[in-house]
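Novice: Under this note's numbering, read the sequence shown as residues 40 to 139, first letter to last.
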Amino acid sequence: MDRDGGGLDGDAAVERAMGPMQFISETWRLYGVAARNDGIANVDNIDDAALSAAGYLCWRGKDLATPRGWITALRAYNNSVSYARAVRDWATAYAAGHPL
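Here it is in structure tokens:
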């Protein structure tokens, strides 16, 4: 069921994930921010999308400095234990300087 009449994703029938961080329109309206502080949050702009995703994860996970906070945030984004663990493992490898 589409919630924005196709206004953001161009599809009035089905809600579609948009941009590099795959936001649905309702979530983008709530969390989308303009990284350049120009007042224009663009779901297709990598800087806007990445900053918006970071804000979403921080809000949903509360404390990303703890393992529980990480998993809570990631499961809010995609409610799958295996997804959350995979993202955690990739992030840990990246932070340690391992080539991806």
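All C-beta atoms in this analysis are idealised placements derived from N, C-alpha and C, irrespective of residue type, glycine included.
Since we're looking at a predicted model, the values are computed, not measured.
Please name the residue or residues paired with Met57 in a DSSP beta bridge.
Specialist: Phe62
Novice: Quick check on Gly136: does DSSP put it in helix, strand or coil?
Specialist: coil
Novice: Straight-line CA distance for Ala92 to Tyr70?
Specialist: Cα to Cα, the separation comes out at about 8 Å.
Novice: What runs of the alpha helix (DSSP H), each 4 residues or longer, lie entirely inside the stretch 83 to 126?
Specialist: 85 to 100 and 106 to 116
Novice: Less than 8 Å separating the beta-carbons of Asn90 and Ala74?
Specialist: Rather than Asn, the amino acid found at residue 90 in this sequence is Leu. Their beta carbons are under 8 Å apart, which means Leu90 touches Ala74 by this criterion.
Novice: Throw me the rounded Cβ distance for the Gly108 and Lys101 pair, which I believe falls under 8 Å.
Specialist: 6 Å
Novice: With DSSP collapsed to three states, give me the class of Arg75.
Specialist: coil
Novice: Going along the chain, which residues of its own chain have a beta-carbon closer than 7 Å to the beta-carbon of Ala56, five neighbours each way excluded?
Specialist: The beta carbon of Ala56 sits closer than 7 Å to the beta carbons of Phe62 and Ile63 from its chain, once the five residues preceding and following it are set aside; these are given in chain order.
Novice: By the three-class DSSP mapping on this structure, what secondary structure does Ala130 have?
Specialist: helix
Novice: In whole angstroms, what separates the C-alpha of Arg99 from that of Val126?
Specialist: Cα to Cα, Arg99 sits roughly 16 Å from Val126.
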